[in-house]
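Anchor point for the sequence shown: position 87 equals 87 in the UniProt record's numbering, and the numbering is continuous, going up by one each time. Positions of the beta carbon are idealized from the N, C-alpha and C atoms, including for glycine. To start, the structure itself, in C-alpha cells.
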Amino acid sequence: MKVLLTGAAGFIGTAVGRELAARGHEVVGVDAYIPQAHPAGGTPPDGIAQLDVRRADEWSSMLRGIDVVCHQAAMVGSGVAVADMPLYAGHNDLGTAALLAAMHEVGAHRIVFASSMVVYGEGRYSCPEHGQVEPAPRSIEALDRREFDNRCPRCDLTLGWETVDEDARLDPRSSYAASKLAQEHYTSAWARQAPGSAVALRYHNVYGPGMPPNTPYSGVAALFRSAVEDGRAPEVFEDGAQMRDFVHVDDIARANALAVEAVAVAPVDHRAVYNVCSGQPVSILDVARAVARGAGSDLEPIVSGRYRPGDVRHVVASPERARTELGFTAQVGPTEGLVRFATEPLRP
Numbered sequence: 001m002k003v004l005l006t007g008a009a010g011f012i013g014t015a016v017g018r019e020l021a022a023r024g025h026e027v028v029g030v031d032a033y034i035p036q037a038h039p040a041g042g043t044p045p046d047g048i049a050q051l052d053v054r055r056a057d058e059w060s061s062m063l064r065g066i067d068v069v070c071h072q073a074a075m076v077g078s079g080v081a082v083a084d085m086p087l088y089a090g091h092n093d094l095g096t097a098a099l100l101a102a103m104h105e106v107g108a109h110r111i112v113f114a115s116s117m118v119v120y121g122e123g124r125y126s127c128p129e130h131g132q133v134e135p136a137p138r139s140i141e142a143l144d145r146r147e148f149d150n151r152c153p154r155c156d157l158t159l160g161w162e163t164v165d166e167d168a169r170l171d172p173r174s175s176y177a178a179s180k181l182a183q184e185h186y187t188s189a190w191a192r193q194a195p196g197s198a199v200a201l202r203y204h205n206v207y208g209p210g211m212p213p214n215t216p217y218s219g220v221a222a223l224f225r226s227a228v229e230d231g232r233a234p235e236v237f238e239d240g241a242q243m244r245d246f247v248h249v250d251d252i253a254r255a256n257a258l259a260v261e262a263v264a265v266a267p268v269d270h271r272a273v274y275n276v277c278s279g280q281p282v283s284i285l286d287v288a289r290a291v292a293r294g295a296g297s298d299l300e301p302i303v304s305g306r307y308r309p310g311d312v313r314h315v316v317a318s319p320e321r322a323r324t325e326l327g328f329t330a331q332v333g334p335t336e337g338l339v340r341f342a343t344e345p346l347r348p
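Below, the structure written as C-alpha cells:
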C-alpha cells in the first residue's frame with residue numbers, strides 16, 4: 001500500500017512513518033513546515049518534501065496513486081494565547097480543507113488524521129447523589145480561591161470523573177481545541193461529499209523520544225523534563241490532581257498503522273473516530289514525579305496553584321472502541337514509559 005504521510009519529519013510523523021514502513025507499506029513523506037514547531041533553519045530529512053499543506057493544490061500531483069493519506073501535520077499546543085488563533089485556523093483548518101480538496105481532485109479518497117482529546121472539553125462526571133451530570137464551567141473566582149474540582153450543579157457536591165467515550169458531547173475550550181474539532185467536521189463533510197472514507201484518531205497526551213524540548217508547543221511531560229534537566233523543580237498547575245491519559249508515541253504509531261490498514265478496505269462514506277490512549281489514567285503531579293524519578297532527581301515538583309482559564313479539570317478516555325474495532329491496545333503504560341522518557345533523546 002502507498003501512503004502519503006504529512007508532518008512526516010515531526011515527532012509523531014517520524015514514528016508513524018517508521019511503523020508504516022516496518023509493516024511493508026510504501027511511505028511518501030511531506031513535512032508541513034511550521035516555524036513554531038521546528039528548529040530555526042531546520043531542513044527535512046532526505047526523501048521528505050517540505051511543502052505548505054495550506055496550498056496543497058500546488059502539489060496535488062504527489063497524491064496521484066496514493067492509497068491512503070495519513071495526515072499528522074498540525075499546529076499543536078494548548079491554544080491559550082489569543083494571538084495564536086490565526087495560526088490554528090490556518091495550519092489546522094485551512095490546511096486540512098486544502099488537503100481534502102486536493103485529494104478529491106486526483107481521486108484519493110481515504111484518510112486517517114490526527115485529532116485530539118481536547119475536543120471533549122471537560123470529561124465525564126458523576127455526582128454521588130444525582131448520577132451523571134454536566135458541570136458548569138469553572139469560574140475564575142473559584143479558581144482564584146483554589147477550588148479546582150467541578151461541583152454538582154444541583155447539590156454542590158464534588159464530582160467524580162468517569163471515562164469518556166467517542167460519543168460524548170464535544171465542547172472545545174481553546175482555539176487549538178476548536179481547530180481540531182473543525183478538522184473533524186471538515187473531514188466528515190468531505191467523506192459525505194466526495195464520497196470518501198475517514199478515520200479520526202483522538203490522541204491523548206503524547207510523549208516519547210524525539211519530542212520537541214522546552215517550548216510552548218511541547219507536551220507537559222517534555223516541559224517537566226526540561227525543568228529537571230535545568231536543576232529546577234517542575235511546576236505543577238492547580239493542585240496536581242488533574243487526571244489525564246498519557247500515551248507513548250510508539251503506541252500512537254501502531255494505532256495509525258492499524259487505522260490506515262482499516263480505512264484502506266473500508267466502504268465509501270465511512271467515518272469513524274477513536275480515542276487513542278493508554279487506558280491507564282495518571283495525575284499530573286504523578287507525571288512530574290515519574291519524570292523526575294526517571295532522571296535520577298530527588299526534586300519534588302512544586303504544586304503552584306496557578307491555572308489557565310482554558311484548562312479542564314479531568315479528561316480520561318475509554319480505549320474500548322479502538323480495542324474492539326481497530327484491534328488497538330496500548331503496550332507502553334505511563335508508569336514505565338514516563339520514567340523511561342526522562343532519559344530518551346529529544347529533538348535537537
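Simplified DSSP state of residue i, which is helix, strand or coil
i, result
"R124", "strand"
"I284", "helix"
"F148", "coil"
"D31", "strand"
"A102", "helix"
"H130", "coil"
"G160", "strand"
"E26", "strand"
"Y176", "helix"
"R138", "coil"
"T96", "helix"
"P334", "helix"
"R323", "helix"
"R308", "coil"
"E229", "helix"
"S60", "helix"
"A168", "coil"
Residue i - partner residues in DSSP beta bridges
i, result
"C155", "None; C155 has no bridge partner."
"C70", "L5 and V112"
"I302", "E235"
"M243", "S283"
"V206", "V247"
Pick from the options that is closest to residue i, judged by C-alpha positions
i, options, result
"V247", "L285, P334 and F224", "P334"
"A101", "V268, M1, N205 and T187", "T187"
"M62", "S116, R244, T43 and L99", "L99"
"A253", "E19, A290 and G10", "E19"
Proximity test, Cβ basis, 8 Å: residue i and chain D
i, result
"V118", "Protein chain content of the structure displayed is limited to a single chain, and chain D is not contained in it."
Unbroken beta strand (DSSP E) run spanning residue i, endpoints
i, result
"A116", "The residue asked about is misnamed: residue 116 is Ser in this sequence, not Ala. S116 -> beta strand (DSSP E) spans R110 to S116."
"L201", "S197 to Y203"
"H314", "First-last for H314: undefined, no H or E at that position."
"Y274", "H270 to V276"
"Q50", "I48 to L51"
Endpoints, the alpha helix (DSSP H) within which residue i is located
i, result
"P212", "First-last for P212: undefined, no H or E at that position."
"L346", "Careful: L346 lies outside any alpha helix (DSSP H) and carries neither H nor E."
"P86", "M85 to Y88"
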